[in-house]
Each structure stands twice: as C-alpha cells, then as structure tokens.
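First up is the structure itself, then whatever we jot down about it.
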Amino acid sequence: DAKTTQPNSMESNEEEPVHLPCNHSTISGTDYIHWYRQLPSQGPEYVIHGLTSNVNNRMASLAIAEDRKSSTLILHRATLRDAAVYYCILREGGSEKLVFGKGTKLTVNP
Amino acid sequence: NAGVMQNPRHLVRRRGQEARLRCSPMKGHSHVYWYRQLPEEGLKFMVYLQKENIIDESGMPKERFSAEFPKEGPSILRIQQVVRGDSAAYFCASSLRNEQFFGPGTRLTVL
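So the protein lines, in turn, are chains D and U.
The opening residue of the first sequence carries number 1 in the working numbering; numbering runs sequentially from there.
The opening residue of the second sequence carries number 1001 in the working numbering; numbering runs sequentially from there.
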C-alpha cells in the first residue's frame, strides 16, 4: 500500500540538524508529500506537507527533489522531544485517507 | 480549542463482547477518520466519514466492524463479537482541509 521508502531508524545528537530521507519513485503529478510523526504512546502529529516547492514551517523544512521522486524532512535543531517515528506519506489529490508505512524511528541522543 | 477527544483511553473486553469507541472531532471539523495500529506496526486506514455519511470504508473489515458519525454527538466505531486479533490502538482523526488532527487513541485489549 505505502508508496514510500524510508530508513527503519536514524540517530541524531541533540541540537544538531537531522535530515530524514524518503524515496517515492512512483509519485504521480497529483500526489502531495505529507510528513507526520508519532511520539511514544501518542497519536500521530502533522509535521509538514508539500507538492513541488520546498516548504518551511515552525516545526521543520521539507526539501523536495526537482523530479519529485524523493524528499527530505529537515529538523534544524533536534531536541529530545523530537524522538519519534516519522512517516512520509503520499496523499493522492482528492483522496482523504493517509496510507502509513513503517516510518523512520528517530533517536535523539543528549 | 480542544483537540480531538477519544474515549475511553483504555478498554478491556472478553472475546465475544462488543466494543464501542467514541471520537469527538475538533470544533468545526466535519470530517472524521478511523485508523488502527497493531502492535509494532504502522497505522492502517479504516474508514472516512462526514456527518451522517460514510465516504470511504475501504479499510474496514467486512464483518463485525461498523462506524457512524451522527448529526449530533461523537463518531462511534463499533466492534461486535471481539476476538483477540482486534487488540490494537484505534486512532481517530478529524480535519478541515489538508491536515489531519489525531486523538490520543483508544487501546483495546481483548482477553
């Protein structure tokens, strides 16, 4: 179901930037790229989304490759509270459902 | 503005009993989604509802599971004759536009 590929896990040190990659080679022109994260024992939390252009918000930045076959979620300064599973999701234009893969488990070391 | 509320947070049922999970969307949101997360797995879409209508139930098991979102009151996910394999975390989300806001989930344990 999931049309994205992410590393199973990544580690980072506190206050350092983190780049979380996602491959989506079969992306279609109407697919939006969404990122959610899930902290332990909590529901998922929206992080960011984009279509073609890079996007920034207070939580993170999303860098989208020119061919849109990959993207990178950038946390500019990781904190311990950023430790979570990060999901990269393709959402079809006009579709409401989110198809979650296994995500990347991010560990942040103090 | 309160977030998405789900209750109960934890529910224990014996095999064969019924489970009712409730979800109150964020104020002003008329779209509700239900997802299920089995232990150590990602979330799986179950159903998408708008007020009084089921829009997409492609992820719902064919038997024992039903969902509703009445004109008044919370959305209900109902599981009849629960089995051990139904043990999971059930998350509800609501949305207005692009972003889905998730509740804290209901953790169902079937003994």
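A virtual CB, placed ideally from N, CA and C, is assigned to each residue, including glycine.
Nothing here was measured: the structure is a model prediction, and the numbers come from that model.
At a cut-off of 7 Å between beta-carbon atoms, proline 7(D) makes no contact with chain U. For valine 18(D), the uninterrupted beta strand (DSSP E) run begins and ends at 18-23, by DSSP. In this structure glutamine 6(D) is in contact with cysteine 88(D), their Cβ atoms being roughly 6 Å apart against a cut-off of 8 Å. For the segment 87-102 of chain D, the residues whose beta carbon sits under 9 Å from a beta carbon of chain U are, in order, Tyr87, Arg91, Ser95, Glu96, Lys97, Leu98, Val99, Phe100, Gly101 and Lys102. Between serine 1087(U) and threonine 1106(U) a beta carbon distance of about 11 Å is seen, past the 8 Å cut, so the two are scored as non-contacting. Glycine 1085(U) sits in a helix when the DSSP states are folded into three classes. Counting along the chain, the unbroken beta strand (DSSP E) around phenylalanine 1102(U) starts and ends at 1100-1102.
Counting only Cβ-Cβ distances below 9 Å, proline 40(D) has no contacts in chain U at all, with the closest Cβ about 12 Å away. No Cβ-Cβ contact shorter than 7 Å links glutamine 1100(U) with glutamate 1018(U). For glycine 50(D), the uninterrupted beta strand (DSSP E) run begins and ends at 45-50, by DSSP. Interface flag for glycine 29(D) against chain U is unset, since no Cβ pair is found closer than 7 Å. DSSP places aspartate 82(D) in the helix class (H, G or I) of the three-state scheme.
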